[in-house]
Structures are given as C-alpha cells and as structure tokens.
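>
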C-alpha cells in the first residue's frame with residue numbers, strides 16, 4: 059500500500075488498526091507552571107500569553123515551547139495551540155508508521171536475491187536437461 063508517497067508493507071486495515079491503538083494526550087501550560095518539577099525555559103521572555111505544551115504519543119513525550127514546523131521561533135498561544143498540537147501529533151504518527159511499515163532497501167534486495175536464486179535454479183535445471191539430451195543424442199549417433 060502507498061501512504062503519503064511511501065510504499066508500506068501492510069494493508070489499509072492493518073494500518074488503521076495500528077493507528078487506532080496509538081495512545082495520545084496533551085496538556086497546555088503557562089511557563090510559570092512546572093512540568094515534572096522543573097520550570098520550562100520561556101524563549102519569549104516578558105510575553106505572558108506564551109504557552110508550552112506537553113504531547114504524549116505512544117509513550118513518547120514531547121515538551122514543546124514554541125511552534126514546530128514554522129521558520130524561526132514563534133510563540134504558542136491559546137489561539138494556535140490546538141492546530142500546532144494536531145500537526146505535531148500527525149507528524150509523530152507518520153514517523154511511527156514509516157518506522158513500523160515502510161519498505162526498506164534491504165527488503166528490495168532480499169526480493170531481488172530470491173528472484174535471482176529462482177532464476178539460477180531454473181537455468182541449472184534447463185542446463186541439466188540439455189546435457190541429458192546431448193548425451194542421448196550422442197548415444198544414438200554412435201549406434202548408427
């Protein structure tokens with residue numbers, strides 16, 4: 059199956075099942091709030107509307123103090139946080155999908171090696187038949 063222009067080694071049903079079983083949650087915080095007992099550094103000093111979020115996807119935790127996927131440092135606010143989290147989560151899920159299911163070059167090499175082995179076996183069989191026919195032909199010509 060093809061997913062975002064990448065060939066995957068799974069069916070659409072398997073992919074849907076994999077994605078549905080991923081756990082995820084998030085929380086949004088002011089920089090004055092501690093996370094796991096630590097203050098998160100605010101790259102937007104003096105801007106009280108700046109936020110950071112914690113995103114957990116399949117037991118992977120991301121502490122995000124600025125907007126991901128944009129050029130430069132842009133602050134997270136209550137207005138843009140949900141869209142940012144959705145984009146971030148989608149990118150993480152895509153990475154998990156590609157890690158789990160994307161065909162790797164070694165998969166193609168293995169298939170080619172198997173094809174080569176089958177071809178060589180077939181050629182060996184044909185060669186043996188040819189030798190047997192030559193032998194038979196030789197025996198017939200010596201009898202005459």
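Residue numbers (my numbering): 59 to 202.
Ideal Cβ placement from N, Cα and C applies to all residues, glycine included.
Fair warning: this is a prediction, and the values are worked out from it, not measured in the lab.
#1: If I measure Cβ to Cβ from residue 98 and keep anything under 7 Å in the same chain, skipping five residues before and after, which residues do I get?
#2: Using C-beta distances below 7 Å, list every residue in its chain close to residue 139, excluding the 5 sequence neighbours before and after it, in chain order.
#3: Which first and last residues belong to the alpha helix (DSSP H) in which residue 150 is found?
#4: Would you say residue 161 and residue 65 are within 8 Å of each other, going by their C-beta atoms?
#5: For the putative contact between residue 96 and residue 126, defined by C-beta atoms under 8 Å, what is the C-beta separation to the nearest angstrom?
#6: Tell me the DSSP secondary structure of residue 173 in three-state form.
According to the structure data:
#1: 89, 110, 121 and 123
#2: 86, 109 and 111
#3: 139-159
#4: yes
#5: No, residue 96 and residue 126 are not in contact; Cβ-Cβ is about 20 Å, not under 8 Å.
#6: helix
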